[in-house]
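Have a look at the structure below before the remarks.
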Amino acid sequence: MDSTDEWDERVAAIWADAALTDDERIDVIERIARERPADDARALFERAGSYDSAGRETEAEPLYRAALAAGLDDAHRPQAVIQLASTIRNLGQVEESLELLRAEYERRDRDGMRDAAAAFYALALSSAGHDRLALSIALDALAPHLPRYTRSVTGYAAELLHAPRRMPTANIGEGL
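Residue 36 in our numbering sits at position 30 of the sequence shown, and the numbers go up by one each step.
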């Protein structure tokens, strides 16, 4: 095992340690990140994530941007884009968040990261007041994972984009 594999394992263990407080996690990630050059994309990404998960988005944002600018590897780049877009949405930069997430959503194949991009794209669309499109994106991502009704849910997702708004004829709670 080379030092990169060992570093990755240590980082994974830090993220898996539920006993760490947010501040402790930040401190440990900062310490382990210093083992790499200051402009190391992966170390920047892990630092950004530690601040982000602690709710410290203003500190996470420039670190995500630096990680992406430094050439983050293909395995972590989609995560960084999604996490940056979520962070800046929380900071009120909804339009830039939408741009990043739309591009990531359209770029990803139907793998786990496309579904993750879809989830955050839907949140950003909702923040921008596009709830029908957000629901359509979310349902389209969910449909392949359903044990039944995949075709129906996919159809409903498409219908949301094209059908006029219909008012419910019964009380929302009835028949559920």
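Where is the CB? At the ideal position from N, CA and C, for every residue including glycine. Remember, predicted model here, so these are calculated numbers, not experimental data.
Selection Leu-69, Leu-167, Val-100, Leu-129 evaluated against Asp-45 yields Leu-69 as nearest (Cα-Cα). Burial state of Leu-104 is buried, judged by a 10 Å Cβ sphere holding 16 or more other Cβ atoms. Taken in chain order, the complete alpha helix (DSSP H) segments of 4 or more residues contained in the stretch 78-166 are 83-96, 100-113, 118-133, 137-148. With at least 16 other beta carbons inside 10 angstroms of its own, Ser-92 counts as buried.
Closest in alpha carbon position to Ile-20, among His-168, Glu-63, Gly-55, is Gly-55. The straight-line gap separating the alpha-carbon atoms of Ala-75 and Glu-102 is approximately 16 Å. In the three-state scheme derived from DSSP, where H, G and I count as helix and E and B as strand, Leu-74 is classed as helix. Leu-26 and Ala-18 have their C-alpha atoms some 13 Å from each other.
Take Ala-24, set aside five residues on each side of it, and no residue of its chain has a beta-carbon closer than 8 Å to its own. With respect to the 8 Å criterion, Ile-88 and Ala-122 are classified as neighbours on the basis of their beta carbons. If you draw a straight line from the Cα of Ala-147 to the Cα of Thr-64, it is about 30 Å long. For Asp-80 and Leu-166, the gap between their C-alpha atoms comes out near 33 Å.
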